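A.B. asks: Note that the working numbering has the sequence shown beginning at 358, numbered continuously upward. Before I ask anything, let me first share the structure, which is written out below as structure tokens.
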Amino acid sequence: MVIRRVVEGSAERERLAALAGEASAEAALADVGPSGSASTDLTAAAFFDVDNTMMMGASIFHFARGLAARKYFRNSDLAGFAWQQLKFRVGGREDPQSVAASREQALSFVAGRSVAEIVSLGEEIYDELMADRIWTGTQALAQMHLDAGQRVWLVTATPVELAQIIARRLGLTGALGTVSESSDGVYTGRLVGDLLHGRAKAHAVRALAAKEGLDLRRCTAYSDSVNDVPMLSVVGTAVAVNPDSGLRETARKRGWEIRDFRTGRKAARIGVPSVLGAGALAGAVAATMAYRRRLR
């Protein structure tokens, strides 16, 4: 009975991952249109993870910071989200349950708000908090593919609207991201399928490749996380960028290229630059909360 429940649960997770991947591919192409760039190499493309691969830290956390500054939610909510981000980054390994909790926490506050409003805020917050956190080395890799006439897509668990803003700002083809359900232009607070994380990213890349006529053997994928091994494994060339310990080990075993744009021995091991902002913010908020408790 227990084995049966485990098998059924695994099958349901796979179904939701496939649904998330298909929805993400559809949203990506709706944003740019089929073959929506001036590509000359039509069967090859590059896929880049965002958090700690293209951008220092978690894009959804930077977005949440911007929303908190605009009083969309309380600092205590942001502190909880920061703790989730800090915990899985310092540990060097993303726990799927923690990732799900933090992403859904971030998505929940858009329920009842218009898509246009959130997109507009995303544009502002990108300029304020994200533009100077792009890894120049990774951006150069993306530009290399563009210069070769290939399409370049971001692939991230971040909401697809925010991912598309990042892609546009960087001059990339488009983005695959988590799709939030909306009705009449208003978010319902639910996801279409699941988060675009882990196996869901691999499904999204396959779905986009099928729709765009890509030869996955000629495609390249870049990521920092061992959780993206499914995505890295579906393309012909996989590159570990700023890898966590799990991905570094996997890359070495499989002969994948490793690129590390971080500095310092410790930073290379656990990705300190990506969590300093989150850790400092979480610490400051926690200290303020503790001080208030002492005053009571």
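C-beta atoms are modelled at their ideal positions from N, C-alpha and C, and glycine is treated no differently. Only a predicted model underlies this, so the values are computations on that prediction, with no experimental measurement involved.
1) Check whether the region 498-515 and the region 525-533 touch, using three or more Cβ-Cβ pairs below 8 Å as the test.
2) Contact defined as beta carbons within less than 8 Å: I believe HIS560 pairs with ALA375. What is the distance between those atoms, to the nearest angstrom?
3) Is ASP581 helix, strand or coil by DSSP?
4) Mind checking GLU569: buried by the 16 CB within 10 Å criterion, or exposed?
5) Can you give the Cα-Cα distance for ILE475 and LEU511, rounded to whole angstroms?
6) I need the DSSP call for PHE404, collapsed to helix, strand or coil.
7) Which residues does DSSP list as the beta-bridge partners of MET412?
8) Looking at C-alpha atoms only, which residue of GLN496, GLY546, ALA505 is the closest neighbour of ARG525?
9) Would you say ARG508 and MET412 are within 8 Å of each other, going by their C-beta atoms?
10) Straight-line CA distance for LYS428 to ALA608?
11) Tell me which residues share the same chain as SER396 and place their Cβ nearer than 7 Å to its Cβ, disregarding the 5 neighbours each side in the sequence.
12) So does VAL591 have its beta carbon nearer than 7 Å to some heavy atom of the ligand MG?
13) Go through its chain and collect everything with a Cβ distance to LEU424's Cβ below 8 Å, but skip five positions before and after it.
14) By DSSP, does SER396 sit in helix, in strand, or in coil?
15) If the criterion is Cβ atoms closer than 8 Å, does the pair SER582 and LEU519 meet it?
16) Which runs of the beta strand (DSSP E), 3 residues or longer, sit entirely within the region 529-588?
17) Have a look at PRO587, ASP601, ASP408 and flag the residue whose alpha-carbon is nearest the alpha-carbon of GLY378.
18) Between the C-alpha atoms of LEU604 and SER539, what's the straight-line distance to the nearest angstrom?
19) Quick one: is MET487 buried, meaning 16 or more other Cβ sit within 10 Å of its Cβ, or exposed?
20) In terms of residue numbering, what span does the beta strand (DSSP E) encompassing LEU486 cover?
21) Can you tell me which residues form a DSSP beta bridge with TRP510?
22) Here's the rule I'm using: 16 or more other beta-carbon atoms within 10 Å means buried, otherwise exposed. How should ASP408 be labelled?
C.D. replies: By the coordinates alone:
1) yes
2) 5 Å
3) coil
4) Burial state of GLU569 is buried, judged by a 10 Å Cβ sphere holding 16 or more other Cβ atoms.
5) 19 Å
6) strand
7) ASP408, ILE491
8) GLN496
9) no
10) 42 Å
11) GLY506, GLN507, ARG508
12) Absence of the ligand MG is noted for the structure shown, with no ligands found whatsoever.
13) PHE430, PHE466, LEU478, ILE482
14) coil
15) no
16) 531-535, 537-540, 543-548, 577-580
17) PRO587
18) 35 Å
19) buried
20) First-last for LEU486: undefined, no H or E at that position.
21) In DSSP, TRP510 forms a bridge with PHE404, GLY531.
22) buried
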